Amino acid sequence: FFKKHLRSSSRYHAHIDDWLLPKDAFIVAHECGRGGNTHTNRYHSGDVVPDMGGADIQSSYPAQLMLNHYPTGKVFTYGELVTTSSELWDIIKEGYMFFGRFRLTNVRVKDRHPIPDIPLSKTLIPAVNAALDNGRILSADEVVISMTSIDFQILEDIYTYDSITGTDVWLSKLGPLPKVLRDAVFDKFAEKSILKYTGTDTEEKKRAYDLSKVVVNGLFGMLYMNPVREEIVFDEETMSYAIAPSKFETMTEEEFRKLQRNYPWSYLWGLWTSALGRLQLHKGIQAVGYDNVYYCDTDSIKFLGVRFPEGLRKMNEEIRARAEELGYIAKVHGREFVPGVWEDESGGAPFLYKEFRSLGAKKYAYTLADGSFHTVISGVAKKEGAKAFEEMAREQGCRPIDCFRRGAYI
Numbered sequence: 263f264f265k266k267h268l269r270s271s272s273r274y275h276a277h278i279d280d281w282l283l284p285k286d287a288f289i290v291a292h293e294c295g296r297g298g299n300t301h302t303n304r305y306h307s308g309d310v311v312p313d314m315g316g317a318d319i320q321s322s323y324p325a326q327l328m329l330n331h332y333p334t335g336k337v338f339t340y341g342e343l344v345t346t347s348s349e350l351w352d353i354i355k356e357g358y359m360f361f362g363r364f365r366l367t368n369v370r371v372k373d374r375h376p377i378p379d380i381p382l383s384k385t386l387i388p389a390v391n392a393a394l395d396n397g398r399i400l401s402a403d404e405v406v407i408s409m410t411s412i413d414f415q416i417l418e419d420i421y422t423y424d425s426i427t428g429t430d431v432w433l434s435k436l437g438p439l440p441k442v443l444r445d446a447v448f449d450k451f452a453e454k455s456i457l458k459y460t461g462t463d464t465e466e467k468k469r470a471y472d473l474s475k476v477v478v479n480g481l482f483g484m485l486y487m488n489p490v491r492e493e494i495v496f497d498e499e500t501m502s503y504a505i506a507p508s509k510f511e512t513m514t515e516e517e518f519r520k521l522q523r524n525y526p527w528s529y530l531w532g533l534w535t536s537a538l539g540r541l542q543l544h545k546g547i548q549a550v551g552y553d554n555v556y557y558c559d560t561d562s563i564k565f566l567g568v569r570f571p572e573g574l575r576k577m578n579e580e581i582r583a584r585a586e587e588l589g590y591i592a593k594v595h596g597r598e599f600v601p602g603v604w605e606d607e608s609g610g611a612p613f614l615y616k617e618f619r620s621l622g623a624k625k626y627a628y629t630l631a632d633g634s635f636h637t638v639i640s641g642v643a644k645k646e647g648a649k650a651f652e653e654m655a656r657e658q659g660c661r662p663i664d665c666f667r668r669g670a671y672i
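When the sequence shown is numbered by the numbering used here, its final residue is 672 and no position is left out of the sequence of numbers.
Below, the structure is given as structure tokens:
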């Protein structure tokens, strides 16, 4: 649908070559790739907290595509080493983005910041003398990592460091994505909003809404499709398979450009979408307050206290104004659906979670107002996880949420 829609625009088609990356730039951009920020407040991890609220972003990734600025010009090299953070801030202030490889020394998380950002798994070489919190770096004598200008802005809020040195730094001008692309994203968002308004009280309606939601949520994955992939070769005789390396290493620049033309968009747009999503989540955490946030996951925040934070309301006012300016508010029979706003998960109830406990990323349990117990554990089906802890509670004579603790085995 999107390829056909975009290629029907001659103006859009004329700019496709501007978005193709040289091989060296692609390698660094690929190193910068990260997903959503999922973490537990390191000062609350393991605590059972009563009467908690929650907020999530309405269609976070599609909202970034419609409302924010992206790399839209040809990429070019910075041409010299970066040796100060002020150089990087100057690039940002002049309306450019950057991505590159950076070496930081004496990195320390700022006092009381509850959610460190640098993932140990994304460092290019092992961090020196690293202290960790659930896989994130709290401190290290040296960190070498690839990052974007958005990651850099988050880094500056969370960490202090003695020095920064940047190599292989690439720049591009920032601007709105082509209108034909943004409009196509909005069309799919509006379709989902209409189906959400009409309800999901029948199996047919629920299926239609679920399929529409899959399309909207799949836009990010579509844009972030890696053009360079290994092939899995299956041998029918031996019933075995082998991985054939991609031909990227031996490709010429023109061959790589031809490969990228299979996708009429920039690989950087996928990279930037998840980075922008992390930036909005980071600002949301600041708005909720470092002492109040308990858990975050990509587009949602679980927070202490039952009132919807005033800081999120103020963010919503700015997001709504931007969406209204661009004409990206879906209106269905008097009801408005605004992409990117923070929604109160409690639906106006006094609180969302009667009790909540997290032991780390993708490991939490909660009890709702109706007394029902739920778990979210990576790799464990939700219903089976909750059932296992309820059975454990009956055997041990305690509450399920108290059984949900470090060392528990199901």
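Glycine is no exception: its CB is placed at the ideal position from the N, C-alpha and C atoms. Given the structure is predicted, the values throughout are model-derived calculations rather than measurements.
Taking the beta strand (DSSP E) that residue i falls in, what are its first and last residues?
i: Glu-598; result: 597-599
i: Lys-564; result: 562-566
i: Ile-426; result: 425-438
i: Leu-366; result: 358-371
i: Arg-319; result: Looking at the sequence shown, residue 319 is not Arg but Ile. 311-319 is the extent of the beta strand (DSSP E) around Ile-319.
i: His-301; result: 300-302
i: Tyr-332; result: 331-333
i: Leu-394; result: 393-395
Looking at residue j and residue i, is the spacing between their C-beta atoms short of 9 Å?
i: Ile-407; j: Leu-366; result: yes
i: Thr-560; j: Tyr-486; result: no
i: Tyr-274; j: Trp-531; result: no
i: Gly-315; j: Asp-606; result: yes
i: Gly-344; j: Tyr-421; result: Gly is not the amino acid found at residue 344; the sequence shown has Val there. No; because the gap between Cβ atoms is not below 9 Å, this pair is not in contact.
i: Glu-349; j: Gly-428; result: yes
i: Pro-376; j: Arg-296; result: no
i: Leu-327; j: Val-477; result: no
i: Leu-382; j: Arg-363; result: no
i: Ala-650; j: Ile-456; result: no
i: Phe-361; j: Lys-458; result: no
i: Trp-527; j: Leu-268; result: yes
i: Asp-280; j: Thr-334; result: yes
i: Gly-589; j: Gly-546; result: no
i: Val-642; j: Ile-663; result: no
i: Asp-313; j: Trp-604; result: no
i: Asp-285; j: Phe-510; result: Inspection of the sequence shows that residue 285 is occupied by Lys rather than by Asp. Contact flag set, yes.
i: Thr-500; j: Trp-432; result: no
i: Tyr-628; j: Thr-302; result: no
i: Gly-461; j: Lys-467; result: yes
i: Arg-619; j: Val-311; result: yes
Taking CB distances under 9 Å as the criterion, tell me whether residue i reaches chain C.
i: Thr-514; result: Within the model displayed, chain C is absent; a lone protein chain is all it includes.
With distances taken from CA atoms, which of the options is nearest residue i?
i: Ser-307; options: Ile-672, Tyr-671 and Arg-667; result: Arg-667
i: Lys-441; options: Ser-271, Met-409 and Lys-435; result: Ser-271
i: Glu-617; options: Phe-565, Ala-655, Glu-572 and Asn-578; result: Phe-565
i: Gly-298; options: Leu-538, Glu-418 and Arg-363; result: Leu-538
i: Lys-372; options: Lys-624, Tyr-552 and Pro-438; result: Tyr-552
i: Val-490; options: Glu-586, Leu-283, Leu-439 and Met-359; result: Leu-283
i: Ala-611; options: Thr-302, Val-600 and Gly-567; result: Gly-567
i: Gly-622; options: Glu-498, Asp-445, Glu-587 and Gly-669; result: Gly-669
i: Val-550; options: His-544, Pro-571, Ser-562 and Gln-542; result: Pro-571
i: Lys-576; options: Phe-635, Gly-602 and Asp-445; result: Gly-602
i: Gln-522; options: Gly-573, Asn-488 and Leu-533; result: Asn-488
i: Trp-351; options: Gly-341, Thr-410, Gly-659 and Cys-294; result: Thr-410
i: Leu-481; options: Leu-630, Ala-655 and Ser-321; result: Ser-321
i: Asp-445; options: Ile-563, Gly-341, Gly-461 and Ala-325; result: Ala-325
i: Leu-533; options: Lys-645, Asn-396 and Tyr-323; result: Tyr-323
Where does the unbroken alpha helix (DSSP H) through residue i begin, and where does it stop?
i: Leu-268; result: 264-269
i: Asp-664; result: 662-665
i: Phe-288; result: 285-293
i: Arg-273; result: 272-275
With DSSP as the reference, please indicate the residues paired to residue i in a beta bridge.
i: Ile-407; result: Phe-364 and Thr-385
i: Ala-402; result: Val-369
i: Tyr-459; result: Answer by DSSP bridge pairing: none, since Tyr-459 is not bridged.
i: Lys-390; result: For clarity, residue 390 is Val in the given sequence; the question names Lys instead. The partner list for Val-390 (beta bridge, DSSP) reads Glu-404.
i: Phe-338; result: Leu-433
i: Val-344; result: Gly-428
i: Tyr-421; result: Val-371
Relative to the ligand FMN, is the shortest distance from any of its heavy atoms to the C-beta of residue i smaller than 8 Å?
i: Pro-388; result: This structure lacks the ligand FMN; in fact it carries no ligand of any kind.
query = Taking only runs of the beta strand (DSSP E) that begin and end inside the segment 474-559, which ones reach a length of at least 3 residues, in chain order?
reply = Residue ranges of uninterrupted beta strand (DSSP E) with 3 or more members, entirely inside the segment 474-559 and ordered along the chain, are 493-497, 502-506 and 555-559.
inquiry  = Just to confirm the assignment: which complete alpha helix (DSSP H) runs, minimum length 4, are found wholly within the segment 576-655?
reply    = For the segment 576-655, not a single whole alpha helix (DSSP H) run of length 4 or above is found.
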